[in-house]
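K.L.:
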Amino acid sequence: MPETPDGQERTEEATPKRLSDARDRGQVAKSMELTSAALLLFGGWFLYTYGAYIGDRLAALFRSVFQHAAEFTISDASLPVYAEHLGTFVLLLLLPFLGVAFVLGMASEIAQVGLRWAGKKFTEGLKNAPLFHPMRGLRRLFLSKDTVLQLGKNLGKVLIIGVVVWDVLRRRTDEVLTLMAQPLESLARTIASLGFELALKVSLVYALIAVGDFLYQRRRFRQEMKMTKQEVKDELKQQEGDTQIKQRIRQIGRQRLRKLMLQRVKNADVVVTNPTHYAVALIYERGKMNAPRVIAKGVDYLAEQIRRIAQESNVPIVEDPPLARALYASCDVDDEIPESLFRAVARVLAYVYRLRSRSRG
Numbered sequence: 073m074p075e076t077p078d079g080q081e082r083t084e085e086a087t088p089k090r091l092s093d094a095r096d097r098g099q100v101a102k103s104m105e106l107t108s109a110a111l112l113l114f115g116g117w118f119l120y121t122y123g124a125y126i127g128d129r130l131a132a133l134f135r136s137v138f139q140h141a142a143e144f145t146i147s148d149a150s151l152p153v154y155a156e157h158l159g160t161f162v163l164l165l166l167l168p169f170l171g172v173a174f175v176l177g178m179a180s181e182i183a184q185v186g187l188r189w190a191g192k193k194f195t196e197g198l199k200n201a202p203l204f205h206p207m208r209g210l211r212r213l214f215l216s217k218d219t220v221l222q223l224g225k226n227l228g229k230v231l232i233i234g235v236v237v238w239d240v241l242r243r244r245t246d247e248v249l250t251l252m253a254q255p256l257e258s259l260a261r262t263i264a265s266l267g268f269e270l271a272l273k274v275s276l277v278y279a280l281i282a283v284g285d286f287l288y289q290r291r292r293f294r295q296e297m298k299m300t301k302q303e304v305k306d307e308l309k310q311q312e313g314d315t316q317i318k319q320r321i322r323q324i325g326r327q328r329l330r331k332l333m334l335q336r337v338k339n340a341d342v343v344v345t346n347p348t349h350y351a352v353a354l355i356y357e358r359g360k361m362n363a364p365r366v367i368a369k370g371v372d373y374l375a376e377q378i379r380r381i382a383q384e385s386n387v388p389i390v391e392d393p394p395l396a397r398a399l400y401a402s403c404d405v406d407d408e409i410p411e412s413l414f415r416a417v418a419r420v421l422a423y424v425y426r427l428r429s430r431s432r433g
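First residue of the sequence shown: 73, per this note's numbering; consecutive thereafter.
1. Would you kindly work out how many angstroms separate the C-alpha atoms of lysine 360 and alanine 340, rounded to a whole number?
2. Quick one: measure Cβ to Cβ for leucine 84 and lysine 301, integer angstroms, because I've assumed they're closer than 8 Å.
3. For arginine 244, which residues of its own chain have a beta-carbon under 7 Å away from its beta-carbon, when the five flanking residues on both sides are left out?
4. According to DSSP, is arginine 244 helix, strand or coil?
5. With distances taken Cα to Cα, identify the nearest neighbour of glutamate 247 among Trp238, Val235, Phe293, Thr262.
6. Compute the Euclidean distance between the alpha carbons of alanine 416 and arginine 328, then round it to the nearest angstrom.
7. Might you give, ordered along the chain, the residues of its own chain that have their beta carbon closer than 8 Å to the beta carbon of glutamine 377, omitting 5 neighbours on each side?
8. Would you check if the stretch 114-126 and the stretch 289-298 touch, i.e. whether three or more CB-CB distances between them fall below 8 Å?
9. Whole alpha helix (DSSP H) runs in the stretch 358-412 with 4 or more residues, listed along the chain?
10. So, with DSSP's three-state summary, where would you put lysine 338?
11. Let me know the secondary structure DSSP gives tyrosine 423 once reduced to three states.
12. Could you name the residues of the same chain whose beta carbon sits closer than 7 Å to that of phenylalanine 161, not counting the 5 residues immediately before and after it, in chain order?
13. Measure the alpha-carbon distance for alanine 422 versus isoleucine 355 and round it to whole angstroms.
14. From the DSSP output, which residues share a beta bridge with methionine 104?
15. Can we say the stretch 277-285 touches the stretch 218-235, given the rule of at least three CB pairs closer than 8 Å?
And the structure:
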């Protein structure tokens, strides 16, 4: 059972938050052996499928070189040119393999851990690099439990794979011994066949090792992520505190928005009420707006506040319960009224404009 430095046992399964935090730090259950096994399988298939073709191309290249050897001039200026041509030829020949291998390696990693940038892991790795902490790096290299386990695992892999390679070569000894006596084309095909058999059997064995390693890494990760009862309690308290803080921030934000909304009531053309439960303040500026706009709305206490400010600011208040409820339900603050309410609101505004005309007259 894993323990903390102060001796407390980690008996509780990791919470989603702890797992998420670990993932942000780059701590995930993954096996590098799975990626290696996938690359080995692909390499064996590629060698079997395209090995003969690559061998033929290389044989043709060498044959051409030997046939025209007398025409080549070796000098300090020509050697880099020949090397560049040869390197380009080999690179183009192997480019499909390298490209697919890169994609396959990335896909294997993503399949295990998903796609996520672990910036914390990167910065922590820089801070703890052996270059900056040589003694810590040496202790980790020679004295850590992980190093011993990794060494044992690597020795086991070498032993098992060595047995597989020895068995293949033992059964095909005659072909191996006659390799140098074969023509170039036949040599390429024999090497491709031998390489494919080796790659296939080694990769299958390696795949079994990789599956076992992945299961071990996943179990080990779960053990490392376990928490003490106190850690679980502390995390719950922290989450409750964070929730309360967020709720308080939202509450303050709502209060500020409500205050700003109430300040706009004095600019309204009319306030439509229920008369007590609902209140909706409307404004319409002809030529600037396509339709009347809601600048404030509320129910119960907030509706009372809207009515009070409207009375203090001499904004007309019109009681129309169906219209007040419809406006409240269909519009948010700063929304223009829907077309279905145009006629009802137009009647209210016409009434308000008549009142203003009479008061001016």
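Ideal Cβ positions, reconstructed from N, Cα and C, are used throughout, including at glycine.
P.N.:
The structure says:
1. Residue 360 sits at position 288 when you count from the first residue of the sequence shown. Residue 340 sits at position 268 when you count from the first residue of the sequence shown. Each residue's Cα considered, the two are about 15 Å apart.
2. Residue numbering aside, residue 84 sits at position 12 when the sequence shown is read from its first letter. Residue numbering aside, residue 301 sits at position 229 when the sequence shown is read from its first letter. In the sequence under discussion, the amino acid at residue 84 is glutamate, which differs from the leucine named in the question. Under the criterion of beta carbons closer than 8 Å, glutamate 84 and lysine 301 qualify as touching, at roughly 6 Å.
3. Taking the sequence shown and counting its residues from 1, the one referred to as residue 244 is at position 172. Excluding sequence neighbours, arginine 244 sits near Leu266.
4. Sequence index remark: in the sequence shown, residue 244 carries index 172 (1-based). In the structure shown, arginine 244 sits in coil (DSSP, three-state: anything other than H, G, I, E or B).
5. Position 175 of the sequence shown holds residue 247. With respect to the C-alpha of glutamate 247, the residue from Trp238, Val235, Phe293, Thr262 having the closest C-alpha is Thr262.
6. If you number the sequence shown from 1, residue 416 lands on position 344. If you number the sequence shown from 1, residue 328 lands on position 256. Approximately 32 Å between the Cα atoms of the pair.
7. Along the sequence shown, read from residue 1 onward, the residue named residue 377 stands at position 305. Once the five neighbours on either side are set aside, the close Cβ partners of glutamine 377 are Leu334, Gly370.
8. No: the two stretches stay apart, fewer than three of their Cβ pairs being nearer than 8 Å.
9. Complete alpha helix (DSSP H) runs here, min 4: 373-384, 393-402.
10. Position 266 of the sequence shown, counted from the start, is the residue given in the question as residue 338. If DSSP states are grouped into helix, strand and coil, lysine 338 belongs with the helices.
11. As a working mapping, residue 423 is identified with position 351 in the sequence shown. Tyrosine 423 carries a helical assignment under DSSP once its states are collapsed to helix, strand and coil.
12. Counted from its first residue, the sequence shown places residue 161 at position 89. The residues are Leu133.
13. As a first step, residue 422 must be located in the sequence shown, where it is residue number 350. As a first step, residue 355 must be located in the sequence shown, where it is residue number 283. One Cα belongs to alanine 422, the other to isoleucine 355, and the distance between them is close to 13 Å.
14. Translated into positions along the sequence shown, residue 104 becomes position 32. Bridge partners of methionine 104: none, in fact.
15. The stretch 277-285 is in contact with the stretch 218-235.
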